[in-house]
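These notes are about the structure you will find just below.
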Ligand SMILES: [Zn+2]
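Residue numbers (full-length UniProt numbering): 1 to 286.
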């Protein structure tokens with residue numbers, strides 16, 4: 001929301017101890033520059049805190065803390081919260097609107113005016129309702145009965161303002177929730193960095209274990225030991241094979257001896273036959 005500061009001379013400094021409790025809506029019966037001149041003219045005895053242009057601009061003529069001269073005359077009021085015998089200027093904020101009574105407000109006017117109303121209600125804790133957003137005619141229903149006139153729909157203006165309203169209580173609750181969430185995020189970030197550190201330690205340990213495993217599988221001494229055992233086994237096998245050969249030759253030798261023994265025994269048998277024949281011949285008288 002952009003507010004153009006256009007200070008004017010028609011005002012009273014301060015509020016005599018009062019503070020803004022309501023917002024009074026006016027129609028200017030004129031243009032922005034005309035109102036600005038009028039509020040600087042001491043003979044007009046008139047001013048307002050703000051003015052909304054038909055195009056949605058917002059001019060500020062008098063500071064909120066000071067008293068603008070916009071609704072001083074009370075005549076047959078129709079406002080429940082009017083303070084008797086107290087100048088309404090002291091406890092209200094006046095907002096003028098560019099144009100003439102009966103002219104339908106532009107969308108830009110509704111937009112800017114509702115945004116300003118929302119901002120002021122938030123700042124000064126003014127309830128956003130028809131008792132606190134009033135027309136000038138509710139303070140002076142006689143000579144100001146056409147201010148702001150039929151060009152503005154108060155219900156629409158207030159509803160629009162409500163859509164922009166940010167309840168301070170809700171904002172406080174939201175801020176508290178945000179603080180809790182931020183704390184949780186911080187805790188999670190701390191935990192995460194702790195885990196990252198643990199992860200680094202585990203990585204180092206894992207690398208150490210891998211190195212250890214590698215050193216065991218690659219030990220040259222073990223390989224040499226296995227080679228020696230292998231060589232020993234080969235020698236033993238060779239020895240066994242040689243023994244086998246030797247045994248084979250012994251078996252062959254024994255076999256050939258057995259053969260020759262049986263041949264000689266056959267010869268002996270022949271001799272025995274010859275002997276028996278000769279003996280038989282002798283016996284028959286040869
Ligand atoms: Zn007015």
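Even glycine gets a Cβ: it sits at the ideal position worked out from N, Cα and C. Predicted model only: the values in this text are computed from it and were never measured.
Original post:
Who are the near neighbours of residue 188 in its chain, counting only those whose CB is closer than 7 angstroms to its CB and skipping five residues on each side?
Top reply: In the chain shown, residue 188 corresponds to position 188, counting from 1. Closer than 7 angstroms at the Cβ level, and outside the excluded window around residue 188, lies no residue.
**OP:** Check whether the Cβ atoms of residue 54 and residue 98 lie closer than 7 angstroms to each other.
**Re:** As a first step, residue 54 must be located in the chain shown, where it is residue number 54. As a first step, residue 98 must be located in the chain shown, where it is residue number 98. Yes. Within cutoff.
Subject >> Length of the line joining the Cα atoms of residue 102 and residue 153 >> reply: Along the chain shown, read from residue 1 onward, the residue named residue 102 stands at position 102. Along the chain shown, read from residue 1 onward, the residue named residue 153 stands at position 153. Whole-angstrom Cα-Cα distance: 11 angstroms.
Original post:
What residues sit near ligand 1, counting only those whose C-beta is closer than 6 angstroms to one of its heavy atoms, in chain order?
Top reply: 26, 136, 144 and 147
Original post:
What number of angstroms, rounded off, separates the C-alpha of residue 59 from the C-alpha of residue 141?
Top reply: In the chain shown, counting from the first residue as 1, residue 59 sits at position 59. In the chain shown, counting from the first residue as 1, residue 141 sits at position 141. The straight-line gap from Cα to Cα measures roughly 27 angstroms.
Original post:
Mind pulling the beta strand (DSSP E) runs of 3 or more residues that sit fully within the region 101 to 181?
Top reply: 133 to 135
Original post:
Rounded to a whole number of angstroms, what is the C-alpha to C-alpha distance between residue 6 and residue 36?
Top reply: Here residue 6 refers to the residue found at position 6 when the chain shown is read from its first residue. Here residue 36 refers to the residue found at position 36 when the chain shown is read from its first residue. Approximately 8 angstroms, taken between the alpha carbons.
Original post:
Rounded to whole angstroms, how far is the Cβ of residue 138 from the Cβ of residue 69, which I believe are closer than 8 angstroms?
Top reply: Working through the chain shown from its first residue, we reach residue 138 at position 138. Working through the chain shown from its first residue, we reach residue 69 at position 69. Residue 138 to residue 69, Cβ: 18 angstroms. No contact.
**OP:** May I ask you to list the residues that DSSP assigns as paired with residue 79?
**Re:** What you label residue 79 is simply residue 79 of the chain shown in a count that begins at 1. In DSSP, residue 79 forms no bridge with anything.
Subject >> Coil, strand or helix - residue 57 by DSSP >> reply: Mapped onto the chain shown, residue 57 falls at position 57. In the structure shown, residue 57 sits in coil (DSSP, three-state: anything other than H, G, I, E or B).
Original post:
At which residue ranges does the region 179 to 249 contain complete alpha helix (DSSP H) runs of 4 or more residues, listed in the order of the chain?
Top reply: none
Subject >> Simplified DSSP state of residue 48, which is helix, strand or coil >> reply: Numbered from 1 along the chain shown, position 48 holds the residue referred to as residue 48. Residue state, collapsed to three classes: coil.
Subject >> Reduced DSSP secondary structure (H/G/I, E/B, other) of residue 21 >> reply: Within the chain shown, numbered from 1, the residue matching residue 21 stands at position 21. Reduced to three states, the DSSP call for residue 21 is coil.
Original post:
Just checking my contact of residue 94 with residue 26 at CB under 8 angstroms: how many whole Å lie between their CB atoms?
Top reply: Counting from one through the chain shown, the residue named residue 94 turns up at place 94. Counting from one through the chain shown, the residue named residue 26 turns up at place 26. About 6 angstroms; that satisfies the 8 angstroms criterion.
Subject >> 8 angstroms contact criterion, which residue 65 and residue 9 should meet: CB distance rounded >> reply: Stepping through the chain shown from its first residue, residue 65 is reached at position 65. Stepping through the chain shown from its first residue, residue 9 is reached at position 9. About 16 angstroms separates the two Cβ atoms, so there is no contact after all.
Subject >> Per-residue DSSP class, three states only, for residue 30 >> reply: Here residue 30 corresponds to residue number 30 of the chain shown, with the count starting at 1. Note: residue 30 maps to strand in three-state DSSP.
Subject >> Residues sharing a beta bridge with residue 37, DSSP >> reply: Within the chain shown, the letter at position 37 stands for residue 37. Its beta-bridge partners do not exist; DSSP assigns none.
Subject >> DSSP state of residue 93 mapped onto helix, strand, coil >> reply: Looking up residue 93 in the chain shown gives position 93. In this structure, residue 93 counts as strand in the three-state DSSP scheme.
Original post:
How many Å lie between residue 33 and residue 179 at the Cα?
Top reply: Start at 1 with the first residue of the chain shown, and residue 33 comes out as number 33. Start at 1 with the first residue of the chain shown, and residue 179 comes out as number 179. Spanning the two alpha carbons is a distance of roughly 47 angstroms.
Subject >> Contacting residues, own chain, Cβ-Cβ under 8 angstroms from residue 156 (five flanking each side not counted) >> reply: Locating residue 156 in the chain shown gives position 156, where the first residue counts as 1. Same-chain partners within the cutoff: 110.
Original post:
Closest by CA to residue 13, which one among 89, 56 and 23?
Top reply: Your numbering for residue 13 matches position 13 in the chain shown. For residue 13, the nearest C-alpha among the options comes from 89.
**OP:** Could you tell me if residue 257 is buried or exposed, where buried requires 16 or more neighbouring beta carbons within 10 angstroms of its beta carbon?
**Re:** Residue numbering aside, residue 257 sits at position 257 when the chain shown is read from its first letter. Label assigned to residue 257: exposed.
**OP:** With residue 4 as the anchor, note down where its beta strand (DSSP E) starts and where it stops.
**Re:** Along the chain shown, read from residue 1 onward, the residue named residue 4 stands at position 4. From DSSP, the beta strand (DSSP E) with residue 4 extends over 3 to 5.
Original post:
Roughly how many angstroms separate the alpha carbons of residue 143 and residue 41, rounded to a whole number?
Top reply: Stepping through the chain shown from its first residue, residue 143 is reached at position 143. Stepping through the chain shown from its first residue, residue 41 is reached at position 41. The straight-line gap from Cα to Cα measures roughly 21 angstroms.
Original post:
Hey, out of 190, 167, 75 and 151, whose CA is closest to residue 104's CA?
Top reply: In the chain shown, counting from the first residue as 1, residue 104 sits at position 104. When only C-alpha atoms are compared, the closest one is 151.
Original post:
What's the call for residue 255, buried or exposed, on a 16-neighbour Cβ count within 10 Å?
Top reply: Taking the chain shown and counting its residues from 1, one reaches residue 255 at position 255. Flag for residue 255 reads exposed.
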